[in-house]
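If you're matching positions, the sequence shown starts at 0 in numbering that gives the first Met the number 0 and goes up one per residue.
No residue lacks a Cβ here, since even glycine has one placed at the ideal position from N, Cα and C.
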Amino acid sequence: MTPTARLLRELIALPSVNPAFVPAGDPSAGERRVAEFTAATAASAGLDVDFQKVLPGRANLLVTLVPRGPRRGRVLLAPHMDTVTVASARQFTPVRRGDRLYGRGACDTKGSLAAMLRALIELARSGSRPQHTEITLAALVDEESSQSGSRALAASGLKADLAVVGEPTRLKVVTAHKGDLWLELTTHGKAAHGSRPELGRSAIADMARAVSWLEGDYARQLRRRRHPLLGHATINVGTIQGGRQPNIVPDRCTIKVDRRTLPGENDAAVKRELVRGLRHHGITVRLVDYKGVPSEPMETNCRLPLVREFLHANGQRRPAGVHFFSDAGVLAAAGIPSVLFGPGDIAQAHTAEEFVSLSELERARETLVRFLRSLP
């Protein structure tokens with residue numbers, strides 16, 4: 000195995016499940032083990048190490064390669080350390096099969112963390128650090144839940160000329176992704192005895208009409224809104240709850256929806272659009288943004304000099320887009336131009352057979368080294 004693959008194997012073997020997905024006290028929860036191991040590895044290579052407290056017992060790790068001369072710019076490398084939960088504890092044991100390394104976090108995003116850290120170590124040991132550009136690896140917490148790590152980093156006022164956010168993009172430089180708006184819609188009716196339904200008003204019946212419009216006419220309307228890299232906006236009704244028992248006319252029904260937004264859309268306008276559209280069809284709903292934090296779409300100008308240089312280092316003529324939300328959206332909203340890049344495929348993330356190609360892992364490291372060596 001290469002040093003990068005060995006590092007990834009060590010990272011997979013350190014559970015770092017987001018605490019939001021497991022019971023309190025679960026031994027697999029939290030990013031601390033990964034953060035401490037990564038910090039020790041970086042420090043042994045002569046890199047500067049610091050921690051930024053985010054949540055109780057959870058901190059972003061900041062690893063810095065200082066330039067040879069006065070700092071005039073900064074590039075940020077930003078993978079996340081947390082993972083989703085596992086179907087079996089066996090997923091914490093890395094397994095190699097041919098060119099693939101299997102295990103939780105292999106591509107989402109411990110593979111990016113390994114490639115980025117090894118690239119920094121290579122620059123530090125070879126003496127080829129940039130003259131005036133500081134490179135900071137920010138290994139972030141809580142991406143899989145509320146993005147508390149990237150939000151804390153953005154709120155700290157840290158500035159950068161470019162952030163390369165580690166995500167499984169199949170080694171494509173991604174300059175745009177969709178936003179992710181989670182909404183709870185509730186209809187209210189009037190309860191009555193099931194033998195006299197005409198004396199009540201069914202909240203479920205109203206919600207059935209709402210779902211029919213959302214996944215019918217409204218979804219078709221969204222398919223006409225297109226972005227050159229992202230395709231069209233979408234809506235998905237993910238859950239529905241209503242009623243208490245068969246012989247009571249239900250007075251309340253609630254659905255939760257996932258609305259993926261495109262650059263140019265904003266959360267407030269989407270909420271108004273939904274309420275107006277349902278009201279037009281005679282349906283009154285109470286709408287709540289239950290995610291509670293902004294998760295708006297991201298688009299970075301591919302003509303920015305550092306973005307062009309990164310595309311060139313990757314041998315890529317045109318940027319790509321992805322449908323999922325990421326820490327890049329948070330950093331971009333704070334004024335840091337951001338792109339996504341990393342080994343692996345999002346189709347493998349969160350699955351029981353998550354893996355990353357080891358040859359792709361090495362190509363990620365090589366691309367990062369080429370790009371970082373080109374910095375002034």
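Check your understanding: Do you know how far the Cα of Asn59 is from the Cα of Arg103?
Key -> 20 Å
Exercise for review: Please report how far the alpha carbon of Leu384 lies from the alpha carbon of His187, in whole angstroms.
Suggested key: As shown, the chain starts at 0 and ends at 375. That puts residue 384 outside it, with no answer to give.
Review point. Taking the Cβ atom as the reference point for each residue, do Gly24 and Thr168 lie within a distance shorter than 8 Å?
Key: no
Check your understanding: Three or more C-beta pairs closer than 8 Å, one from the region 134 to 150 and one from the region 64 to 81: is that the case here?
Key -> yes
Check your understanding: Thr299: buried (16+ other C-beta within 10 angstroms of its C-beta) or exposed?
Key -> buried
Check your understanding: According to the neighbour-count rule (16 or more other Cβ atoms, all chains shown, within 10 Å of its Cβ), is Thr174 buried or exposed?
Key -> buried
Exercise for review: State the start and end residues of the unbroken beta strand (DSSP E) segment that holds Val236.
Suggested key: Thr233 to Gly241
Practice item. Name the one or two DSSP bridge partners that Ala319 has. Key: Val173
Check your understanding: Rounded to whole angstroms, how far is the Cβ of Gln315 from the Cβ of Val172, which I believe are closer than 8 Å?
Key -> 5 Å
Review point. Can you round the beta-carbon distance between Glu361 and Gly343 to whole angstroms, since I take them to be within the 8 Å contact cut?
Key: Not really, about 13 Å apart at Cβ, beyond 8 Å.
Practice item. Please confirm if Leu261 has its CB atom under 8 Å from at least one CB of chain D. Key: Going by chain labels, chain D is absent from the structure shown, which holds only one protein chain.
Check your understanding: When you compare each of Ala34, Phe20 and Glu35 to Ala28 by their alpha carbons, which one comes out closest?
Key -> Phe20
Review point. For the candidate residues Ala312, Ala207, Thr350 and Arg225, whose alpha-carbon lies nearest to that of Thr283?
Key: Ala207
Review point. Counting pairs of beta carbons, one from the region 125 to 134 and one from the region 63 to 75, are three or more of them closer than 8 Å?
Key: yes
Check your understanding: Cβ of Thr350 versus every heavy atom of the ligand NAP: is any distance shorter than 7 Å?
Key -> Of ligands this structure carries none, so the ligand NAP is not represented either.
Practice item. State the Cα-Cα distance for the pair Val85 and Ala351, rounded to the nearest angstrom. Key: 7 Å
Point to revise | Nearest neighbour of Val269, chosen from Leu286, Gly281, His279 and Ile254 [CA to CA] | key: Leu286
Review point. Could you give the distance in angstroms between the alpha-carbon of Thr30 and the alpha-carbon of Ser201?
Key: Here the sequence assigns Glu to residue 30, which means Thr is not the residue at that position. If I take the Cα positions, the gap works out to 46 Å.
**Study point:** Contact between the region 316 to 332 and the region 228 to 236 (3+ Cβ pairs under 8 Å)
**Key:** yes
Check your understanding: If you compare alpha carbons, which of Ile247, Ile335, Val355 and Pro69 is closest to Arg95?
Key -> Val355
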